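These notes are about the structure you will find just below.
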Amino acid sequence: MNIVVTLKQTFDTEAKIVIDGSGKIDAAGVNLVINPYDEFAVEEALKLKEKFGGEVTVVSLGGDKTESSIRTAMAMGADLGVLINDPSLENVDEWAAAEILAKAVAQIPYDLILAGRIAVDDGSSQVAVRMADALNLPSVSSILKLDIDGDKATVIREIDGGSETIELSIPAVLTAQKGLNEPRYPSMMGIMKAKKKELKVLTLADLGITAADVASKMTAPKFSLPTPRKAGKMIAGEPAEQAAELAKLLREEAKAI
Amino acid sequence: MNFQLNEDHIMMRKMVRDFAEQEVFPGAEHRDENEEFPMDLWKKCAELGLAGVTFPEEYNGVGADYLSYAITVEELSRIDASLGVTISAHSSLCANPIYKFGNEEQKKKYLAPLASGEKMGAFGLTENMAGSDAAGTRTTAVREGDEYVVNGSKIFITNGYYADTYVITAQMDKSKGVKGISAFILEKGTPGFTFGKKEKKMGIRSSATYELVFENVRIPAENLLGNEGDGFKVAMTTLDYGRIGIASQALGIAQGAYEQALKYAKERTQFGMTLAEMPVIQFKLANMAIQIEAARLMVYQAAYFASEIHDNRKISKYTAMAKAFAGDTANAVTTEAVQVLGGYGYTRDYPVERMMRDAKITQIYEGTNEIQRVVVANNILKD
Chain A
4 MNIVVTLKQT
14 FDTEAKIVID
24 GSGKIDAAGV
34 NLVINPYDEF
44 AVEEALKLKE
54 KFGGEVTVVS
64 LGGDKTESSI
74 RTAMAMGADL
84 GVLINDPSLE
94 NVDEWAAAEI
104 LAKAVAQIPY
114 DLILAGRIAV
124 DDGSSQVAVR
134 MADALNLPSV
144 SSILKLDIDG
154 DKATVIREID
164 GGSETIELSI
174 PAVLTAQKGL
184 NEPRYPSMMG
194 IMKAKKKELK
204 VLTLADLGIT
214 AADVASKMTA
224 PKFSLPTPRK
234 AGKMIAGEPA
244 EQAAELAKLL
254 REEAKAI
Chain B
222 MNFQLNEDHI
232 MMRKMVRDFA
242 EQEVFPGAEH
252 RDENEEFPMD
262 LWKKCAELGL
272 AGVTFPEEYN
282 GVGADYLSYA
292 ITVEELSRID
302 ASLGVTISAH
312 SSLCANPIYK
322 FGNEEQKKKY
332 LAPLASGEKM
342 GAFGLTENMA
352 GSDAAGTRTT
362 AVREGDEYVV
372 NGSKIFITNG
382 YYADTYVITA
392 QMDKSKGVKG
402 ISAFILEKGT
412 PGFTFGKKEK
422 KMGIRSSATY
432 ELVFENVRIP
442 AENLLGNEGD
452 GFKVAMTTLD
462 YGRIGIASQA
472 LGIAQGAYEQ
482 ALKYAKERTQ
492 FGMTLAEMPV
502 IQFKLANMAI
512 QIEAARLMVY
522 QAAYFASEIH
532 DNRKISKYTA
542 MAKAFAGDTA
552 NAVTTEAVQV
562 LGGYGYTRDY
572 PVERMMRDAK
582 ITQIYEGTNE
592 IQRVVVANNI
602 LKD
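Chains A and B are the protein sequences, given in the same order. Here the first sequence stands for residues 4 to 260, numbered as in this note's numbering. Here the second sequence stands for residues 222 to 604, numbered as in this note's numbering.
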């Protein structure tokens with residue numbers, strides 16, 4: 004069973020976000036990791052490979068540094084890596100990313116495509132599902148459980164207040180929610196083997212497209228940090244006075260009641 | 222001179238660090254208080270390949286270099302020095318002598334399960350009357366037919382009781398002095414081989430430290446490690462390399478304590494400012510950082526030489542320097558870390574008091590820091 008996992012390299016969730024003078028996010032010195040939700044996808048792919056055999060290919064859109072995340076996935080057990088790294092791809096919107104990934108994935112034999120349900124940096128939660136559309140495949144997002152039987156997949160999907168069970172035929176795109184599995188640590192042996200595995204670096208030309216074909220339809224001109232949390236207000240006085248003052252502030256200042 | 226770690230080393234460090242922070246840290250204080258051996262964690266370490274980092278793949282090892290091993294022990298010890306020494310003693314003191322001195326049958330039978338972590342190893346050299354004076358071994362071995370009969374005891378044996386495989390030394394001919402000592406591979410469960418006292422220690426309390434007792438233990442002749450009379454050489458070579466493990470452990474302890482002090486200093490306020498804004502504390506932190514950086518370079522250099530130069534006589538000086546310096550660094554840094562945390566640092570609510578208690582042994586075992594200086598002096602005076 005051949006599986007493709009689309010993976011994004013993101014900031015470490017504990018990284019401190021710094022906005023530079025021109026309203027752009029400053030990536031200097033930031034620790035870059037595999038998007039945690041994509042780790043669930045990699046782990047699920049590896050579990051399926053252990054059960055059914057086949058190969059796991061990791062596909063990513065990114066820059067030079069993204070290679071290290073692909074190698075980490077290989078250290079976990081992924082067999083092959085594809086990195087689409089083109090100088091014109093400084094800022095891609097979700098549509099462009101999906102189009103590019105779809106073109107790359109179409110070149111790989113697959114029975115199933117897995118991805119994380121959301122990237123922790125921009126949180127758009129769209130690319131995998133858009134990519135499924137571009138590939139003319141069904142997709143289910145936020146899966147908590149996956150069973151494969153022949154060409155049929157049964158998934159349990161997280162919804163507000165519960166879960167739903169969906170049956171669909173593969174190939175399909177499924178996005179992983181936290182709780183799907185516990186991603187394994189790469190073993191020492193896996194780390195040693197990772198550098199020997201094939202990692203193809205492709206440009207847009209290699210995919211038969213030009214920058215104009217995938218020009219972003221949407222841009223983010225600037226970013227700003229959220230307003231800093233103000234210090235808490237201490238309310239003095241006797242309990243009855245404090246309660247009255249609190250009620251007044253909640254109504255008039257916080258407008259919460 | 223390339224002062225950069227390669228990509229493999231960076232990935233290995235991240236993996237061991239993540240494992241240590243997520244799996245090892247939560248129970249560390251509890252294991253220390255209750256002197257509870259980390260058996261579950263040992264098994265997880267084995268699954269991740271941490272039990273056989275430097276051994277060839279043909280014997281179930283990872284086939285990585287000594288720097289990878291140093292980083293492994295360092296990152297484990299940064300969180301829990303007891304687990305660090307469990308791995309170090311197993312790898313350097315038991316698996317390694319079998320790798321270096323064992324014949325093919327011994328490597329297949331004993332090294333392979335040790336390198337995979339299926340079995341745990343220990344090293345029985347030290348005795349009541351043979352600590353720094355390791356040649357003063359009083360445990361005896363006598364050849365009888367196709368067996369050696371061993372009598373005596375060993376003390377302070379790390380991983381004792383839990384280990385399956387033991388490399389031990391015994392005197393076969395006192396008239397020959399050190400040349401009369403032989404080394405053997407001994408399996409747990411061999412009749413006559415029992416465990417005596419479990420040591421109650423100041424630190425590394427969840428590391429198992431036991432007495433080994435030999436009463437007419439019959440070891441098959443094929444378990445002689447090397448030739449008769451090679452035992453002292455086996456032991457000294459083992460310690461030459463084992464020092465890298467302990468140096469790495471000391472380095473990890475120092476790093477962990479320093480990070481605790483740094484974090485605390487940024488949070489704790491007195492006199493209307495954080496400790497980190499006070500020059501007195503800044504200098505303490507700077508001194509810690511300077512010492513750790515120096516220790517790190519020495520440990521990594523020793524590890525680099527161990528992988529590049531396959532002659533233990535040439536690396537002996539560097540591993541001794543690294544162990545002595547890193548041990549002293551760990552003690553200085555952990556003591557200062559407790560000081561920075563003040564009253565809170567003295568309580569069990571923070572890990573620095575454990576780190577300080579853990580650090581002390583790194584100046585003592587696998588060759589006291591005094592012996593390390595003897596080794597260095599011997600090396601520099603003979604050049």
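For every residue, glycine included, the Cβ atom is placed at its ideal position computed from N, Cα and C. Note that the structure is predicted; figures quoted are calculated from it, not measured.
- Taking 8 Å as the CB threshold, A:Ala76 stays off the interface with chain B.
- In the displayed model, B:Asp461 falls within a helix according to three-state DSSP.
- For B:Gly563, the enclosing alpha helix (DSSP H) has its first and last residue at 533-566.
- Counting along the chain, B:Asp579 sits inside the alpha helix (DSSP H) bounded by residues 573-580.
- Taking the C-beta atoms as reference points, A:Met77 is found no nearer than 8 Å to B:Met233.
- Neighbourhood of B:Val283 in chain A, by CB distance below 8 Å: Met191, Met192, Met195, in chain order.
- Restricted to the region 77-156 of chain A, the alpha helix (DSSP H) segments that are unbroken, complete and at least 4 residues in length are 97-109, 130-137, listed in chain order.
- In the DSSP annotation of this structure, the continuous segment of the alpha helix (DSSP H) that includes B:Ala524 starts and ends at 500-529.
- Residue pairing of B:Ser374 in beta bridges, as defined by DSSP: B:Val434.
- Against chain A, a Cβ distance below 7 Å from B:Phe240 picks out Tyr188.
- Contact check between the region 327-339 of chain B and the region 489-497 of chain B: fewer than three CB pairs, one atom from each, fall below 8 Å, which does not count as touching.
- When the Cα atoms are used, B:Arg534 and B:Val573 turn out to be separated by approximately 37 Å.
- B:Val363 is classed as exposed because its beta carbon has fewer than 16 other beta carbons within 10 Å across all chains shown.
- Of the candidates A:Phe55, A:Arg120, A:Asp82, A:Leu35, the residue whose Cα lies closest to the Cα of A:Ala44 is A:Arg120.
- Interface annotation, A:Ser144: not in contact with chain B, CB-CB separation never under 8 Å.
- Residue pairing from DSSP leaves A:Pro174 without any beta-bridge partner.
- Counting only runs of 4+ residues, the alpha helix (DSSP H) found wholly inside the region 187-247 of chain A occupies 191-197, in chain order.
- Less than 8 Å divides the Cβ of B:Gly413 from the Cβ of B:Phe435.
- For A:Ala118, the number of other beta carbons within 10 angstroms of its own is at least 16, and it is reported as buried.
- For B:Tyr320, the enclosing alpha helix (DSSP H) covers residues 317-322.
- Taking all protein chains in view, the Cβ of A:Val130 is crowded by 16 or more other Cβ atoms within 10 Å, so the residue is classified as buried.
- The beta carbon of A:Lys198 falls within 8 Å of a beta carbon belonging to chain B, placing the residue at that interface.
- At a cut-off of 8 Å between C-beta atoms, B:Leu288 does not count as an interface residue with respect to chain A.
- Against chain A, a Cβ distance below 7 Å from B:Leu271 picks out Met191.
- At a cut-off of 8 Å, the C-beta of B:Val561 has no neighbouring C-beta in chain A.
- The C-alpha of A:Ile169 lies about 12 Å from the C-alpha of A:Ile162.
- In the three-state DSSP reduction, B:Tyr383 falls in the coil class, being neither helix nor strand.
- B:Pro318 is classed as buried because its beta carbon has at least 16 other beta carbons within 10 Å across all chains shown.
- In this structure A:Leu115 is not in contact with A:Ile37, their Cβ atoms being roughly 19 Å apart against a cut-off of 8 Å.
- Closer than 8 Å to the CB of B:Glu339 there is not a single CB belonging to chain A.
- Not flagged as an interface residue toward chain A: B:Glu325, since no C-beta distance is shorter than 8 Å.
- By the neighbour-count definition (other C-beta atoms within 10 Å, threshold 16), A:Lys106 is a buried residue.
- Within the same chain, Ala214 come within 6 Å of A:Ser91 by CB-CB distance, once the 5 residues on both sides are set aside.
- For B:Thr293, the uninterrupted alpha helix (DSSP H) run begins and ends at 287-300, by DSSP.
- Under the three-pair Cβ rule at 8 Å, the region 353-362 of chain B does not count as touching the region 471-483 of chain B.
- Under the three-pair Cβ rule at 8 Å, the region 266-285 of chain B does not count as touching the region 238-246 of chain A.
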